[in-house]
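Position in the sequence shown (first residue = 1) + 1 = the numbering used here. Ideal Cβ placement from N, Cα and C applies to all residues, glycine included.
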Amino acid sequence: MPADLAVIGLGHLGLPLAQAATTAGISTLGYDPDPHTAALSGADGPLSATELRRLLSAGFRTTTDPTTLGRVRTAVICAPTPLGEDHTLDLGRIADAARTLAAQLRPHTTVILESTAYPGTTEEFLRPLLEEGSGLTAGRDFHLACSPGRHDPGNRTHHYANTPKVIGGLTPACTEAAAAFYSRLTDKVVRARGPREAETAKLLETNYRHINIALMNEMAVFCHDIGVDLWDVIRCAETKPFGFQSFRPGPGVGGHAAPIDPNYLAYNGRSPGHPLRMVELAQEVNGRMPRYVIQRCATLLNHHGKSARGARVLLLGVTYKPDIADQTGSPAREIASRLRELGAHLTYHDPYVPQWNVLDRPVPRADSLYEAAAAADLTILLQAHRTYDLQGLSVKAQLLLDTRGATPAGAAHRL
């Protein structure tokens, strides 16, 4: 059966889009070449098991058959673009999606890119692949636009319907075609001048977050060194009704939206020659935080007459955000591996992660949280899930390091 919408890529962008579209009554098909992903069998995806069941019962269906893409009105590419070892975005999955779609593309279809990408990707990278593979011309035979994903997993206030969508089309008609689609899903669409502006808006949003977190991480180290309670500083500063937006420090920065330096346009070998120095510095600062946490751990243990070697350490919360199962980019893994290198004996607890491996070795999961905290020489709160009774944990734990500022003042050592 044909569908109105094909979502290509069933990950952290694709499934929330499919959920919003299905809820809006749009006949939606999910395509992913990976049979495991297409079967929606991942345990740590963006939707809970209950949400997936509701999605499927509402008529959403998935496939690995590319020929189904030739019978849709709108195709949205939500392929992942992870960072490579050289810290550049890997556009390989976008290329695969484009070639697959191009072979089935029909005139009058609207194609939209939601994947995180460099400015210029839609026009200079995606467009040629679609045109060469289909024999059609973007802007004339089919509509082409970019609307970067803005999904925030676990956010109970902002969801798809009340989060504005930025749209930049190759032509004004392309913009309007994409706007007509997204207006069925969200309360507000924002028209950019073109795809580059839409792509660059995403770059600005992502880098803004990382730079401000880096500032708070530097403040955390500085305030600890001079004996100032940073969390009280933040509480006071955020009362200013203008010119200040509150961010929080932490053991690192996780998530799918990695900071982007457009000086590295790996897909075409060009470089504007103007690196974003603040983005580079933010990456450096945030990348140091797991090591700083280890330093604080060793110092705390030492002050209590214990060594990191042989210490029993309990890690609480190993996901990158509270109240979700997604571990993408979580600093917990690096912290755990460094503690193991120091000779610590690790256990972990996370209500959303039933099993956890670090460097291909399993980390034992604590069954009884309070008993594990009482038995551990050091408990480290890495993610403050709502299910945690932090007051109770602070009483039970022998020694508690709170990297999220979530415990009551004086109840634990805070980052």
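By DSSP's criteria, residue i is part of a beta bridge. Which residues make up the other side?
i: residue 190; result: 166
i: residue 351; result: Answer is none; residue 351 lacks a bridge partner.
i: residue 143; result: 139
i: residue 358; result: 363
i: residue 403; result: 382, 415
i: residue 346; result: 313
i: residue 90; result: 84
i: residue 113; result: 77, 146
Flag this pair as yes or no: are the beta carbons of residue i and residue j separated by less than 8 Å?
i: residue 254; j: residue 304; result: no
i: residue 9; j: residue 102; result: yes
i: residue 250; j: residue 279; result: no
i: residue 26; j: residue 63; result: no
i: residue 383; j: residue 301; result: no
i: residue 1; j: residue 322; result: Any question about residue 1 goes unanswered here, given that the chain covers just 2 to 416.
i: residue 299; j: residue 316; result: no
i: residue 123; j: residue 178; result: no
i: residue 367; j: residue 398; result: no
i: residue 74; j: residue 232; result: no
i: residue 121; j: residue 197; result: yes
Ignore the nearest five residues each way along the sequence and tell me which others in residue i's own chain have a CB closer than 6 Å to its CB.
i: residue 332; result: 252, 253, 291
i: residue 61; result: 19, 23, 29
i: residue 408; result: 391, 395
i: residue 267; result: Interpretation of residue 267 is limited by its pLDDT of 47, a score under 50 that renders its predicted location unreliable; the figure taken from the coordinates is listed afterwards. Contacts found: 89.
i: residue 53; result: 41
i: residue 388; result: 352
i: residue 193; result: 167, 169, 199
So, at 7 Å on beta carbons, what are the nonlocal neighbours of residue i in its own chain, with the 5 sequence-adjacent residues on each side left out?
i: residue 100; result: 130, 134
i: residue 16; result: 46, 47, 48
i: residue 293; result: 222
Tell me which residues share the same chain as residue i and place their Cβ nearer than 8 Å to its Cβ, disregarding the 5 neighbours each side in the sequence.
i: residue 65; result: 32, 33, 34, 35, 36, 39
i: residue 166; result: 148, 151, 183, 186, 187, 189, 190, 191
i: residue 214; result: 248, 249, 250, 251, 254, 283, 287
i: residue 334; result: 319, 328, 359
i: residue 97; result: 34, 80
i: residue 220; result: 231, 234, 250
Check whether chain C comes within 8 Å of residue i, counting only Cβ atoms and requiring the distance to be less than that.
i: residue 297; result: Looking at the structure shown, chain C is missing, and only one protein chain is on hand.
4 or more residues per run - each alpha helix (DSSP H) lying fully within the region 276-341: 278-304
message: For the structure I just gave you, are there three or more beta carbon pairs, one from the region 322-329 and one from the region 346-358, closer than 8 Å?
response: yes
field: Complete beta strand (DSSP E) runs within the region 5-88 (minimum length 3 residues, chain order)
entry: 6-9, 29-32, 62-64, 75-78
- prompt: If we count Cβ pairs, one from each stretch, closer than 8 Å, do we get three or more for the region 303-321 versus the region 283-290?
  reply: no
- prompt: Three or more beta-carbon pairs under 8 Å between the region 164-183 and the region 133-151, yes or no?
  reply: yes
- prompt: At what residue ranges does the region 185-241 contain a whole run of the alpha helix (DSSP H), taking only runs of 4 or more?
  reply: 196-227, 231-238
query: For the 8 Å Cβ check, are there 3 or more pairs between the region 112-122 and the region 78-89?
result: yes
- prompt: Are the region 396-405 and the region 191-209 in contact at 8 Å, needing three or more beta carbon pairs?
  reply: no
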